[in-house]
DNA sequence: TCAGAAAAGAGAGCGCCGCTCTTGCTTTGG
DNA sequence: CCAAAGCAAGAGCGGCGCTCTCTTTTCTGA
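Chains as they are written, first to last, in the numbering used here: chain Y, 24 to 277; chain L, 24 to 277.
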């Protein structure tokens, strides 16, 4: 498997990894548009044509980087989630959102690669799907847990969305109510709108304290998916004792 | 001014326009990454070096296209808004959102240019700011009208966001309450998250009936900014105050 | 009016790019 | 042990952004 039979096979794995590492370094430093096979090869002391033995084209190398980026983001989100696994849905939801934002700010070019405009004429191959789903699955899981604890509520859907919402539900989370799934998918997209706007400069003369703004917006997203936030067990937590001052009006539903 | 003094000046205007037109054509056909000055020049029957008399670099040409794209989007949104100018805030809000989405679907590469990842190492010059603000101003205007009719309400802000929200309010819409402005900015970003996810394929095996889904999501965004949708012409709508099945918890506030 | 300034086009060229093809060398497996 | 397969290297093709030089055309002001 991984320790394949010959020295040749091992070398191939090592060289492939070295290429990806160097490419990732250059991607982080200069962005996808300036990522050139020739520069990677140069840095690795090999001739550019040799590199084609490992990645048949620049797009294939980019695809590998895309998958890695999805995985890196997914791992970051998952470990952030694990750290608050025992907390309530609200904390967990926000932890995942905040982790995604932080990852994006730390890896802007990788983020742009996966959630910005797709490169040239390029359409992502199906290989990327599992890696791309990790954050989404995390969010679904949080809502699912909340739902099993009766902590999710959403108003009924308009009739024209019912069919589609049921379809999405069957596909994504058959155990959740369609109203919740529809709201979840929207929140998922909106989360990346918030991150993207900050990252790509649309907030430039608009939002200054972006961390605070984002936490609040993520909190509102949680409301949007119908997560209910009961006053945190302590009846007398009016001032400051509250997780982080990010409360807002009550969300209640049917 | 526009008809400047000589034939030379007139020619310059015409050639500049021809270059932009051809560039826009190629941008729409192949995307920003494949837009090359040489190809544009070739198509126009001029030699590539001559083109540099009009645009000192590829990035400058792209900047011109960016401004045009913002203007095109802004115009589309504004005319869509004008068509429902007499309707309620909800219809107007949705009309603007739907128009933005439609424009994006019709001009994917232009959309990617302005709201996707910024090209190469490129940061948008300040020239683009006015053009970029048009849709945002439209949304602010809708909410402002609703507010003057007492049709906007939001729960109070968490304390840690108050300062920033007041700053944003002073900058963007001093006549609106800070809670509304904060929600508006978030909704603005979220709108483009929804559009971008559809456009860039993130909805691919997730959402099928995207038009319906989007309308619903845009409706929810309107709720998010605190737009209240009174039951049409019914005066006493204290309790079940929802237009269709699309209400979410009560929004109430100052 | 007419010479000099300014603007514009044309061409050659530099260094980069993705990618291909051919040529030899090394490892591998029957 | 030897043929097949894997691999590095080099040369080369066409395309790119951009610069520089040279010539022609147009504009301007004394």
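Glycine included, every Cβ here is placed at the ideal spot set by N, Cα and C.
Asked                                                                                                                                : Found
Spatial distance of residue 278(L) from residue 161(Y) (CA atoms)                                                                    : Since the displayed chain L opens at 24 and closes at 277, residue 278(L) lies outside it and no answer follows.
Bridge partner(s) assigned by DSSP for residue 250(L)                                                                                : 175(L)
Host alpha helix (DSSP H) of residue 180(L) (start-end)                                                                              : Unbroken run through residue 180(L): none, as it is neither H nor E.
Beta-carbon proximity list for residue 38(L), same chain, < 7 Å, skipping 5 on both sides                                            : 77
Local Cβ density within 10 Å of residue 74(Y), reported as buried at 16 or more and exposed below that                               : buried
Residues in the stretch 174-187 of chain Y having any Cβ partner in chain L nearer than 8 Å                                          : 177, 178, 179, 180, 181, 182, 183, 184, 186 and 187
Residue-level contact to chain Y via CB, residue 60(L), 7 Å cutoff                                                                   : no
DSSP-derived helix/strand/coil call for residue 93(Y)                                                                                : helix
Start and end residues, alpha helix (DSSP H) containing residue 155(L)                                                               : 152-155
Cβ contact (3+ pairs, closer than 8 Å) linking the stretch 235-251 of chain Y and the stretch 190-197 of chain Y                     : no
Three-pair Cβ contact test at 8 Å for the stretch 120-137 of chain L versus the stretch 54-74 of chain L                             : yes
Burial state of residue 254(L), where buried means 16 or more other Cβ atoms lie within 10 Å                                         : Summary for residue 254(L): the model assigns pLDDT 42, below 50, so the residue's position carries little reliability; its value from the coordinates is reported in the next sentence. Under this definition residue 254(L) is an exposed residue.
Nearest neighbour of residue 175(Y), chosen from 182(Y), 184(Y) and 163(Y) [CA to CA]                                                : 163(Y)
CA-to-CA distance, residue 62(L) to residue 72(Y), given in whole angstroms                                                          : 27 Å
Proximity test, Cβ basis, 7 Å: residue 139(L) and chain Y                                                                            : yes
Chain-ordered chain Y contacts of residue 214(L) [CB-CB under 9 Å]                                                                   : 213 and 216
Residue burial classification, residue 47(L) (beta-carbon count within 10 angstroms, cutoff 16)                                      : buried
Neighbour list for residue 190(L) in chain Y, Cβ cutoff strictly below 7 Å                                                           : 231
Stretch pair the stretch 208-216 of chain L + the stretch 208-226 of chain Y: three plus CB contacts closer than 8 Å                 : yes
Contact check, residue 166(Y) vs residue 207(Y), beta carbons under 7 Å                                                              : yes
Cβ distance (whole Å) where residue 205(Y) is taken to contact residue 188(Y) below 8 Å                                              : 4 Å
Neighbourhood of residue 122(L) by C-beta distance below 7 Å, restricted to the same chain and skipping five residues each side      : 99, 100 and 103
Inter-residue Cα distance where the pair is residue 116(Y) and residue 247(Y)                                                        : 12 Å
C-beta atoms of residue 141(L) and residue 250(L) nearer than 7 Å                                                                    : no
Residue 118(Y) versus residue 172(Y) - alpha carbon distance                                                                         : 19 Å
Cβ shell of residue 177(Y) (< 6 Å), same chain only, five flanking positions each side left out                                      : 202, 203, 206, 249 and 276
Test: residue 237(Y) CB closer than 7 Å to a CB of chain L                                                                           : no
Contact set between residue 164(Y) and chain L, taken where Cβ atoms lie within less than 7 Å                                        : Result: empty, since nearest Cβ-Cβ is about 16 Å, beyond 7 Å.
Chain-order list of residues whose beta-carbon lies under 6 Å from that of residue 124(L) (same chain, five-residue window excluded) : 218 and 237
C-alpha gap between residue 153(Y) and residue 159(Y), whole angstroms                                                               : 10 Å
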